[in-house]
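Chains as they are written, first to last, in this note's numbering: chain A, 9 to 207; chain B, 9 to 207.
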């Protein structure tokens with residue numbers, strides 16, 4: 009019997025993607041739902057909406073609230089939280105490496121290592137050294153960063169972002185159960201429930 | 009012993025404010041928390057962010073998702089749902105009448121009557137006849153609409169919206185426990201919990 013599946017679409021620069029990434033292994037296992045990790049880039053999707061940066065920067069009241077909300081939620085989950093500088097971080101390299109890593113068992117460990125480096129320790133994830141450390145921490149082979157920079161993998165990342173936009177994604181994290189879209193860390197449990205009922 | 013208090017800041021045009029308004033009496037009573045209903049207008053706050061209409065109209069992917077999310081959540085709450093035409097509705101008259109009604113016991117019954125007219129039956133809440141029917145349904149005296157249009161009450165509504173903006177509100181519904189802000193229907197339970205712990 010196959011388990012129901014939830015697609016987890018995330019962007020490394022996204023604070024709420026951090027919360028979902030960290031609690032997904034536990035809540036999905038409890039629910040008995042399989043998770044497909046799908047990295048993508050919000051930049052092109054925001055640009056198509058006329059935004060040059062994160063809405064949390066464009067709309068200061070919303071940004072101030074977001075960091076307070078994140079602090080409350082991270083504390084409740086027992087997660088560290090700092091505000092990366094700059095915000096948002098450039099998650100392109102991390103996403104490309106994740107795209108390769110997720111083709112292997114336990115590739116999601118790399119994703120969590122990146123999120124922790126960024127949001128718990130305030131490291132700059134556009135730094136290739138930081139990403140190499142995360143890859144090593146997750147037990148990935150040393151050539152994974154070179155593989156991530158291959159033309160084929162760059163194209164795979166572009167296609168992932170195009171797929172996200174085509175399927176109606178406008179923010180991160182987003183969850184799909186089939187074509188049913190759920191947006192936001194606060195919809196994670198609802199997406200899992202939906203997968204169990206309809207997946 | 010006084011009960012902890014949550015302020016419920018809502019805009020009649022806001023779909024998620026409808027969900028909160030309908031379930032607030034039950035969930036707040038269960039929690040033992042007192043609710044202060046605070047109508048305000050999102051229009052001036054959106055305008056200050058450079059938006060001429062609802063972000064659900066400005067960003068179509070977000071708007072399509074919102075209506076699907078609303079349909080799922082309304083169904084789970086056993087609430088009717090239709091998309092008002094036009095959307096967003098002009099909630100100015102309703103807010104002014106609510107401002108008066110909420111000075112009386114059970115003024116929130118008027119607010120729920122307006123939300124049901126708008127989102128369950130698709131009536132136009134800028135229509136004075138619709139608002140008069142809602143007032144009658146809530147047992148308000150016939151002169152409430154005249155009182156709502158008084159210069160003093162118009163000023164009170166402007167002050168409420170200014171207070172919302174000054175305190176950092178950028179969307180609806182929003183909840184305050186003291187100065188602690190919670191945004192969105194999906195933060196209602198968290199706001200109640202916060203009131204019990206810190207209120």
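For every residue, glycine included, the Cβ atom is placed at its ideal position computed from N, Cα and C.
Residue 78(B) has its alpha-carbon roughly 21 Å from the corresponding atom of residue 172(A). For the pair of segments examined, the region 112 to 119 of chain B was found not to touch the region 63 to 81 of chain B: the number of CB pairs separated by less than 8 Å stays below three. Distance from the CA of residue 38(B) to the CA of residue 207(B), rounded to the nearest whole angstrom, comes to 16 Å. As a beta-bridge residue in DSSP terms, residue 44(A) pairs with 15(A).
Residue contact with chain A for residue 24(B): absent (no Cβ-Cβ distance below 8 Å to any residue of chain A). In this structure, the CA atom of residue 64(A) is about 18 Å from the CA atom of residue 195(B).
Annotation: the continuous beta strand (DSSP E) that includes residue 188(B) extends over 188 to 191. For the region 69 to 90 of chain A, the beta-carbon criterion of a distance under 8 Å to any beta-carbon of chain B is satisfied by 69, 70, 72, 73, 76, 77 and 80.
Taken through DSSP and simplified to helix, strand or coil, residue 182(B) comes out as strand. For residue 107(B), the enclosing alpha helix (DSSP H) covers residues 100 to 109. For residue 76(B), the enclosing alpha helix (DSSP H) covers residues 68 to 85. Here residue 47(A) is not near residue 125(A), since their CB atoms are 8 Å or more apart.
If you look at residue 119(A), you'll find it in the alpha helix (DSSP H) that goes 116 to 123. Between the region 9 to 22 of chain A and the region 178 to 186 of chain A there are three or more inter-stretch CB-CB distances shorter than 8 Å, so the stretches are counted as touching.
In this chain, the alpha helix (DSSP H) harbouring residue 54(B) covers 50 to 56. Pairing residue 91(A) with residue 130(A), the inter-Cα distance amounts to about 7 Å. For residue 88(A), there is no enclosing alpha helix (DSSP H), since its DSSP letter is neither H nor E.
Taking all protein chains shown into account, residue 198(B) has 16 or more neighbouring C-beta atoms within 10 Å of its C-beta and is therefore buried. The beta carbon of residue 176(A) falls within 8 Å of a beta carbon belonging to chain B, placing the residue at that interface. Taking 8 Å as the CB threshold, residue 193(B) stays off the interface with chain A. Shown here for residue 57(B): same chain residues with a beta carbon closer than 8 Å to its own, the five before and five after excluded, namely 178 in chain order.
In summary, residue 61(A) is exposed, with fewer than 16 beta-carbon neighbours lying within 10 Å of its beta-carbon over all protein chains present. Check the Cα spacing between residue 148(B) and each of 55(B), 31(B), 114(B) and 96(B): the tightest is with 114(B). In terms of CA proximity to residue 53(A), 175(A) leads the group 95(A), 152(A), 89(A) and 175(A). A buried status is given to residue 99(A), since no fewer than 16 other beta-carbon atoms sit within 10 Å of its beta-carbon. For residue 197(B), no CB of chain A lies under 8 Å from its own CB, so it is not counted at the interface with that chain. Cβ contact annotation for residue 166(B) (same chain, cutoff 8 Å, sequence separation greater than five): none. By alpha-carbon distance to residue 136(B), the top candidate from 150(B), 128(B) and 186(B) is 150(B). Between the alpha carbons of residue 138(A) and residue 111(A) lies a distance of about 21 Å.
Here DSSP, grouped into helix, strand and coil, assigns residue 197(B) to helix. Looking at the backbone, the Cα of residue 204(A) and that of residue 11(A) are separated by about 9 Å.
Contact of residue 189(B) with chain A by beta-carbon distance below 8 Å involves 73 and 76. With respect to the C-alpha of residue 168(A), the residue from 45(A), 41(A) and 28(A) having the closest C-alpha is 45(A). Under the three-state reduction of DSSP output, residue 131(A) falls in the coil class, being neither helix nor strand.
Any Cβ of chain B closer than 8 Å to the Cβ of residue 57(A) would place that residue at the interface, and such an atom is present.
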